[in-house]
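Asks:
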Amino acid sequence: MEPQLRRPTRRECERCGRVERWDDTEATWKIATEDGEKQVGNPYCIHEWDINGRFVPFEQSA
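To convert, note that position 53 of the sequence shown is 69 in the numbering used here; the numbers rise steadily by one, no gaps.
(1) Going by alpha carbons, who is nearest to Trp45 out of Cys29, Tyr60, Asp51, Val72?
(2) Output the distance between the C-alpha atoms of Arg34 and Glu18, rounded to the nearest integer angstrom.
(3) Exposed or buried, what is Glu36 when buried is set at 16 or more other beta-carbons lying within 10 Å of its beta-carbon?
(4) Helix, strand or coil: which one does DSSP assign to Val56?
(5) On the DSSP bridge list, what partners appear for Thr49?
Structural data, given as structure tokens:
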């Protein structure tokens with residue numbers, strides 16, 4: 017079987033708490049809304065996304 021590419025669908029800034037979700041329709045990241053409130057964080061933050069070496073982009077199908 018061929019490996020399947022996995023893509024993150026949610027990311028959160030480790031500095032300010034901004035949360036974004038991937039929008040397949042527009043092919044871009046959008047600010048997430050949780051409990052009716054946009055998770056904007058700090059607009060002046062240089063975002064440090066919670067992406068690390070544990071994320072495995074390729075998944076082997078069984």
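The beta carbon of each residue, even a glycine, is placed where N, CA and C say it ideally should be.
Replies: Per the coordinate set shown:
(1) As a working note, residue 45 is residue 29 in the sequence shown. Per the Cα distances, Cys29.
(2) For the purposes of this step, residue 34 is identified with residue 18 of the sequence shown, where counting begins at 1. For the purposes of this step, residue 18 is identified with residue 2 of the sequence shown, where counting begins at 1. Approximately 35 Å, taken between the alpha carbons.
(3) Within the sequence shown, numbered from 1, the residue matching residue 36 stands at position 20. Glu36 counts as buried, since no fewer than 16 other beta carbons sit within 10 angstroms of its beta carbon.
(4) By one-based count along the sequence shown, residue 56 stands at place 40. Residue state, collapsed to three classes: coil.
(5) If you number the sequence shown from 1, residue 49 lands on position 33. Beta-bridge analysis with DSSP links Thr49 to Lys54.
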